[in-house]
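Report on the following structure.
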Amino acid sequence: LEHNLELVLQEVKGKYSENELENHTSNGLLQLHEMETCTERYIETLMATLKSENAYNKKQLQISQLLEKDFKLFKHNADNELEKQKKELNSRMKQVMESQMKALEVVHS
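Just so you know, our numbering puts 83 at position 82 of the sequence shown, and the rest follows in order with no gaps.
Here's what the structure looks like:
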């Protein structure tokens, strides 16, 4: 590997002047630095997005839990109201039946 690098280095030195090599090296280092900066910004953006999504998901979970709790309370209240109305209806039907029985007794006597 070292031998191959030496060959490449000799070939490059033969094609470019010392000044050109320095410029290419400087440009390459600048490009690497820019890529590193862009990568860091991209990672920061990803992290911010993940935090934002995490916060959003937590809020969605809280909302879902509140809705579930409200629904259970609503259902419980509705079931209680339905039971109460059934009892009232049964009581009224019993009163009607008793009234009809009394009316029949009066008619038959």
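For each residue, glycine too, the CB sits at the ideal point set by N, CA and C.
{"Asked": "Is the distance from the Cβ of Leu22 to the Cβ of Val9 below 8 Å?", "Found": "no"}
{"Asked": "May I have the straight-line CA-CA distance separating Gln86 from Gln61, to the nearest angstrom?", "Found": "37 Å"}
{"Asked": "How would you write the range of the alpha helix (DSSP H) that Ser110 sits in, first residue to last?", "Found": "Here Ser110 belongs to no alpha helix (DSSP H), and DSSP marks it neither H nor E."}
{"Asked": "Quick check on DSSP: helix, strand or coil for Ser18?", "Found": "coil"}
{"Asked": "Going straight from the alpha carbon of Ser27 to that of Gln11, what length do you get?", "Found": "19 Å"}
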